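> So that we are looking at the same thing, I have put the structure below in structure tokens.
2 protein chains.
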Amino acid sequence: MVQDAEKPSRKPRADSIRNRELLLEAAKAVFSAGGSGASLEAVARAAGVGIGTLYRHFPTRDALFEAVYRREVEQLSDLAASLAASAPPEEALRRWLHATVELAATKRGMLAALELAAEGRAELYAYSSDRMQAAAGTLVSRARTAGAIRDDLSAEEMLRAVLGLVGAWYRSGTPGLQDTVRRLVDVFVDGMRAGA
Amino acid sequence: MVQDAEKPSRKPRADSIRNRELLLEAAKAVFSAGGSGASLEAVARAAGVGIGTLYRHFPTRDALFEAVYRREVEQLSDLAASLAASAPPEEALRRWLHATVELAATKRGMLAALELAAEGRAELYAYSSDRMQAAAGTLVSRARTAGAIRDDLSAEEMLRAVLGLVGAWYRSGTPGLQDTVRRLVDVFVDGMRAGA
DNA sequence: ATGTTATACGGAGGATGCCTCCGTTTATCA
DNA sequence: TGATAAACGGAGGCATCCTCCGTATAACAT
Chain B
1 MVQDAEKPSR KPRADSIRNR ELLLEAAKAV FSAGGSGASL EAVARAAGVG IGTLYRHFPT
61 RDALFEAVYR REVEQLSDLA ASLAASAPPE EALRRWLHAT VELAATKRGM LAALELAAEG
121 RAELYAYSSD RMQAAAGTLV SRARTAGAIR DDLSAEEMLR AVLGLVGAWY RSGTPGLQDT
181 VRRLVDVFVD GMRAGA
Chain U
1001 MVQDAEKPSR KPRADSIRNR ELLLEAAKAV FSAGGSGASL EAVARAAGVG IGTLYRHFPT
1061 RDALFEAVYR REVEQLSDLA ASLAASAPPE EALRRWLHAT VELAATKRGM LAALELAAEG
1121 RAELYAYSSD RMQAAAGTLV SRARTAGAIR DDLSAEEMLR AVLGLVGAWY RSGTPGLQDT
1181 VRRLVDVFVD GMRAGA
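So the sequence lines, in the order shown, correspond to chains B and U. Residue numbering for the first sequence follows the working numbering, beginning at 1 and increasing consecutively. Residue numbering for the second sequence follows the working numbering, beginning at 1001 and increasing consecutively.
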């Protein structure tokens, strides 16, 4: 999977593993409360750990984001697979986007993680990005093959556009309006239909 | 218009007016180069003015943004009026959105100003917000009356959605792809058509 | 001209956050 | 029970943000 064995050198230290876990929990809490721009020193403080330890485990803010929201990304990825197997192409795509948006609405901070994944700035944090791209790609290409949607639009572009749209609401305050955002996503999906 | 006379107290000081102008010029330059997050101290430095003076004239970053891009907002507002008078409803709306997007693409920093305007967080910087809302409102309600677009979508929602979409590209790097963004805006506009 | 005073100026300073670096501690392994 | 690789923690340098207030000066009155 992801953790290749590499070197059989030495067993990882117990405190290291524990601190990593503490940091992830603290980060989830802090990002939920304060948004994705929250202070990393606050995260370290909440975890009861030195700031240096935080940076050693997660060299960048983005790395921390990816780790915190990895589980959610996996869920979305799984959902894509199951929708692809059980719903008609356009319906599947729409439902998946709704789920994505809902997740972003629920967990403040998740949005940032998804945007990172959508930007596909490879190398770093590649994992989540790959999963999301693959998930979106599956649904889009299936819909395209079925002739349900226009073909001048890549999965990556679609994902990014939808997340941007969502971000316009959830980034700076103005919460709660999930219905509105849902409607706007629908507008976009309608616009993707084949007939132009 | 905007400058109501209020109190006939005293003539504004010459240095005050001059510094305000210097600050606006400097801000435009700095924001163009460094994006909307550029340091305000850098702006003050570029203007050859103390940081205190900057804050006195523009108490918040947003206030500075509004002032810097006020002219552009007015142009968009005028464009909306002229399109409303000269093009068929849907066409007018589409062209106006394209123009808005293009402006955001050209001037780094403009995007931030427009997003502020679209959020309509009243009271502060109300002026630009009003102009943009009015411009979008005119075009939307005309198209709606003509039966060209669905009616469960407000002008504000549309504007915000489109700017969010654009922001997904222009905020964090990935420049140049104006064609892509244009295409995505078209998708959204297509989705707004009446028939759902 | 010159004095008075409302206004504006400038930047020091306190606060916060980022990230690095390195002396100290500690878990693992022999 | 050492030896040592690995991890810890936080001080410190740097960059902002924004406020506050002593000083300077433009506008007005005489």
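Ideal Cβ placement from N, Cα and C applies to all residues, glycine included. These numbers come from a predicted model, not from an experiment.
For I1149 (chain U), which beta-bridge partners are listed by DSSP?
The residue given as residue 1149 (chain U) occupies position 149 in the second sequence. Its beta-bridge partners are U:R1193.
> Do we get a CB-CB distance below 8 Å when we pair V1049 (chain U) with the residues of chain B?
The residue you call residue 1049 (chain U) lines up with position 49 of the second sequence. Not one chain B Cβ lies under 8 Å of V1049 (chain U).
> Do S1129 (chain U) and A1117 (chain U) come within 8 Å of each other at the CB atom, strictly closer than that value?
Residue numbering aside, residue 1117 (chain U) sits at position 117 when the second sequence is read from its first letter. Residue numbering aside, residue 1129 (chain U) sits at position 129 when the second sequence is read from its first letter. Contact flag set, yes.
> Does the CB of E1041 (chain U) have a neighbour CB from chain B at under 8 Å?
Taking the first residue of the second sequence as position 1, residue 1041 (chain U) is located at position 41. So, not an interface residue.
> Could you please give the first and the last residue of the uninterrupted alpha helix (DSSP H) stretch that includes A118 (chain B)?
Indexing the first sequence from 1 puts residue 118 (chain B) at position 118. Per DSSP, A118 (chain B) belongs to the alpha helix (DSSP H) from M110 to E119.
> Since T180 (chain B) meets chain U, which of its residues come closer than 8 Å, beta carbon to beta carbon?
The residue given as residue 180 (chain B) occupies position 180 in the first sequence. Simply E1157.
> Please report the distance separating the alpha-carbon of W1169 (chain U) from that of S9 (chain B).
Indexing the second sequence from 1 puts residue 1169 (chain U) at position 169. Indexing the first sequence from 1 puts residue 9 (chain B) at position 9. Cα to Cα, W1169 (chain U) sits roughly 43 Å from S9 (chain B).
> Output the boundary residues of the alpha helix (DSSP H) element that contains P1059 (chain U).
Residue mapping note: residue 1059 (chain U) aligns to position 59 of the second sequence, counting from 1. Premise fails: P1059 (chain U) is in no alpha helix (DSSP H) and is neither H nor E.
> Where does T1060 (chain U) land, buried or exposed, given buried means 16+ other C-beta within 10 angstroms?
Here residue 1060 (chain U) refers to the residue found at position 60 when the second sequence is read from its first residue. Classification for T1060 (chain U): exposed.
> Which residues in the same chain have their Cβ closer than 6 Å to the Cβ of K1107 (chain U), if we skip the five residues on either side of it in sequence?
The residue you call residue 1107 (chain U) lines up with position 107 of the second sequence. None.
> Starting from G167 (chain B), find everything on chain U with Cβ-Cβ shorter than 8 Å and list it in chain order.
Counting from 1 along the first sequence, the entry for residue 167 (chain B) is found at position 167. Those are G1164, G1167 and A1168, listed as they occur along chain U.
> Does any residue of chain U have a CB that is nearer than 8 Å to the CB of L64 (chain B)?
Locating residue 64 (chain B) in the first sequence gives position 64, counting from the first residue. No, L64 (chain B) lies away from the interface with chain U (no Cβ there is under 8 Å from its Cβ).
> Of all the CB atoms in chain U, is at least one closer than 8 Å to the CB of D152 (chain B)?
Indexing the first sequence from 1 puts residue 152 (chain B) at position 152. Chain U, which has a Cβ nearer than 8 Å to the Cβ of D152 (chain B), makes this yes.
> Can you give the Cα-Cα distance for L1184 (chain U) and E1102 (chain U), rounded to whole angstroms?
Taking the second sequence and counting its residues from 1, one reaches residue 1184 (chain U) at position 184. Taking the second sequence and counting its residues from 1, one reaches residue 1102 (chain U) at position 102. Roughly 13 Å between the two C-alpha positions.
> Pick out whichever of U:S1141, U:G1195 and U:R1182 has its Cα sitting closest to the Cα of H1098 (chain U).
Start at 1 with the first residue of the second sequence, and residue 1098 (chain U) comes out as number 98. Among U:S1141, U:G1195 and U:R1182, the Cα nearest to that of H1098 (chain U) is on U:R1182.
> Extract the residue ranges of the alpha helix (DSSP H) inside the segment 1057 to 1109 of chain U, only unbroken runs of 4 or more that lie entirely within it.
Within the segment 1057 to 1109 of chain U, the runs of alpha helix (DSSP H) at least 4 residues long that lie entirely inside it are, in chain order, 1061 to 1086 and 1089 to 1106.
> Flag this pair as touching only if the segment 128 to 142 of chain B and the segment 152 to 168 of chain B have three or more C-beta atom pairs under 8 Å; answer yes or no.
As far as the Cβ criterion goes, the segment 128 to 142 of chain B touches the segment 152 to 168 of chain B, which means the pair count is three or higher.
> If you run the structure through DSSP and keep just helix, strand and coil, what is D1186 (chain U)?
Counting from one through the second sequence, the residue named residue 1186 (chain U) turns up at place 186. D1186 (chain U) falls in the helix class under three-state DSSP.
> What span of residues does the alpha helix (DSSP H) with G1164 (chain U) cover, start to end?
Residue 1164 (chain U) sits at position 164 when you count from the first residue of the second sequence. First-last of the alpha helix (DSSP H) with G1164 (chain U): A1155 to Y1170.
> Nearest-angstrom Cα distance between R1094 (chain U) and D179 (chain B)?
As a first step, residue 1094 (chain U) must be located in the second sequence, where it is residue number 94. As a first step, residue 179 (chain B) must be located in the first sequence, where it is residue number 179. Going from the Cα of R1094 (chain U) to the Cα of D179 (chain B) covers about 25 Å.
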